[in-house]
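S.K.: According to the numbering used here, numbering within the sequence shown proceeds without interruption in unit steps and concludes at 396.
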Amino acid sequence: MINKAINKPNIVRGLYSLYNWIPYHTGMLTPYPVGSFIINISRECEMKCMMCNIWKNRRSEYKGYALDKDILSKTLSESKILKKMPYIVMTGGESFLRKDYKDILVSLLNIPHVLKITIGTSAFLTTKILSDVEHVMQNTPGGKQIALQVSLQGTEDVQDRIKGKENCFKRVEETMRGLKEIQKKYPDRLILYIYSVLQPENKDTFEKTYEFSRKHDIGYSFGIVNNMLYNKNRDDEYSKERVTDSDIERLVNVNPIYGMLRTWNKKNFTQQSTGIRCFAGYSSFFIDYDGSVSPCLPVSTLDKFRMGNIFEKDFDEIWKNAAKVRELTKKCAMDECLQGCDRAVVRMQYFLPDLISRVLTFNRYSLLRSKGMIER
Ligand code: SF4
Ligand code: SF4
């Protein structure tokens, strides 16, 4: 696993993440977004999940622009800044609802510096997903990868209840079966894993979901229900407040690695209280469906965090002139990002300080472990 992570693109990303401390602290030089690059590719969703109200449709929020393969290819091919970024994450809504999705994926994966696209999906649209994935594999060069993150919230009726639709669990099984067949043909290019959101409706049965992933030999990861403006879930009754410490301990018993979710559930786990910085707008950014650029997904619905729009200006111009928004991110006090979507970026940014703290103390002290960002 570690050997796979040590490759030229990751070494370049690591070096630029170190370099990004300079613009972060001095305000001089241009940062390079080498941590996380998320695109909201679809505003529609066919699910009616209990923990997310995107299905109530964000159509009215958009003012006429809509990302397509032309604007995305142009942005990624022409930007000098984005040439440092080999990995893209696509979220929604449900990406596979887009008729032109396979064309978008093919065109982006054919750009030399784009190596991998990670896609979140409910796996409900079995036929469309299998046909799109097969098409993309056939029409992109060897070495280019797709990682599918399948949303599985429980087995059998738990999945159907949470997703708000009948046969969701059966569809996940069917889609997974088909994807595994494709994976046999492209073993190094198609990556599959399951993602669950720990929430009131599945917290008593999540062990079964974990067993399901083990049985099918599929990677597994967890998050915790998150009431964000982005997913339009402002329901205080259905929130992380109802996920208890003992639920988290059961999760840790399943796999110790999930211990890091303890801090996600903590109130006031912020940049200010921990001293750990999020680096949104420096090492990471988000492009919304209408082309607007923000430092991260959680603040993308707030006008004051908009850096610009790629339909109106080149990405590089937007990125170089975003000092005001970057100042806002430094003051942002959201209290789950450091453990949630921004965790990977934080770990990349703090790799060297953490390593130094371990070496100097013969591994008795780790900066990130002391903050609860990692378990070991
Ligand atoms: S969680 Fe995902 S699948 Fe469910 S409604 Fe939201 S976007 Fe759709
Ligand atoms: S702390 Fe604020 S700016 Fe930083 S990742 Fe979280 S929401 Fe974004």
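C-beta atoms are modelled at their ideal positions from N, C-alpha and C, and glycine is treated no differently.
Nothing here was measured: the structure is a model prediction, and the numbers come from that model.
To the nearest angstrom, how far is the alpha carbon of Ile7 from that of Lys252?
M.R.: This structure leaves residue 7 out entirely; the chain is present only between 21 and 396.
S.K.: On the three-state DSSP scale, how would you describe Lys190?
M.R.: Within the sequence shown, residue 190 is the residue found at index 170, counting from 1. Looking at Lys190 - three-state DSSP - the assignment turns out to be helix.
S.K.: So, under 8 Å CB-CB, Ser303 and Val54 are touching, yes? Tell me the CB distance rounded to an integer number of Å.
M.R.: Within the sequence shown, the letter at position 283 stands for residue 303. Within the sequence shown, the letter at position 34 stands for residue 54. Indeed they touch by this definition, with Cβ atoms about 6 Å apart.
S.K.: Is Thr146 helix, strand or coil when you go by DSSP?
M.R.: Here residue 146 is taken as the residue at index 126 of the sequence shown, counted from 1. Thr146 falls in the helix class under three-state DSSP.
S.K.: Sorted by chain position, which residues of the same chain lie with C-beta nearer than 8 Å to Met19's C-beta, five sequence neighbours on each side aside?
M.R.: A question about residue 19 goes unanswered here, because the residues of the chain that appear run from 21 up to 396.
S.K.: For Glu193, which of His45, Thr147, Glu332 and Asp208 has the nearest alpha-carbon?
M.R.: For the purposes of this step, residue 193 is identified with residue 173 of the sequence shown, where counting begins at 1. Of His45, Thr147, Glu332 and Asp208, the residue nearest in Cα terms is Thr147.
S.K.: Sorry if obvious, but does the Cβ on Gln291 come closer than 7 Å to a heavy atom of ligand 2?
M.R.: Translated into positions along the sequence shown, residue 291 becomes position 271. Within the cutoff, so yes.
S.K.: Could you tell me whether the stretch 196-212 touches the stretch 266-276, using the rule of 3 or more Cβ pairs below 8 Å?
M.R.: No: the two stretches stay apart, fewer than three of their Cβ pairs being nearer than 8 Å.
S.K.: Which runs of the beta strand (DSSP E) fall wholly inside the stretch 254-317 and span at least 3 residues, in chain order?
M.R.: Listed in chain order, the complete beta strand (DSSP E) runs (minimum 3 residues) inside the stretch 254-317 are 304-307 and 312-314.
S.K.: Grab me the residues of Ala353's own chain with a C-beta within less than 8 Å of its C-beta, minus the 5 sequence neighbours each way, in chain order.
M.R.: In the sequence shown, counting from the first residue as 1, residue 353 sits at position 333. Once the five neighbours on either side are set aside, the close Cβ partners of Ala353 are Thr290, Gln291 and Gln292.
S.K.: Can you tell me which of Leu135, Met248, Phe331 and Leu348 puts its alpha carbon nearest to the alpha carbon of Pro161?
M.R.: Mapped onto the sequence shown, residue 161 falls at position 141. The option with the nearest alpha carbon to Pro161 is Leu135.
S.K.: When the distance is taken between beta carbons, is Gln173 closer than 8 Å to Asn222?
M.R.: For the purposes of this step, residue 222 is identified with residue 202 of the sequence shown, where counting begins at 1. For the purposes of this step, residue 173 is identified with residue 153 of the sequence shown, where counting begins at 1. Closer than 8 Å, so yes.
S.K.: Let me make sure I understand the geometry here. Which of Ile61, Gly239 and Met105 has the alpha-carbon closest to that of Leu117?
M.R.: The residue given as residue 117 occupies position 97 in the sequence shown. Nearest C-alpha to Leu117: Ile61.
S.K.: Expressed to the nearest angstrom, what Euclidean distance is found between the alpha-carbon atoms of Gln219 and Phe189?
M.R.: Position 199 of the sequence shown, counted from the first residue, corresponds to residue 219. Position 169 of the sequence shown, counted from the first residue, corresponds to residue 189. Answer to the nearest angstrom: the Cα atoms are 17 Å apart.
S.K.: Go ahead and label Phe382 buried or exposed: buried means 16 or more other beta carbons lie within 10 angstroms of its beta carbon, across all protein chains shown.
M.R.: Here residue 382 is taken as the residue at index 362 of the sequence shown, counted from 1. With fewer than 16 other Cβ atoms within 10 Å, it is exposed.
S.K.: Please state whether DSSP places Leu249 in a helix, a strand or coil.
M.R.: On the sequence shown, residue 249 is found 229 positions in, with the first residue counted as 1. Coil at Leu249, not helix or strand.
S.K.: Report buried or exposed for Gln169, applying the criterion of at least 16 other Cβ atoms within 10 angstroms of its Cβ.
M.R.: Counting from 1 along the sequence shown, the entry for residue 169 is found at position 149. Classification for Gln169: buried.
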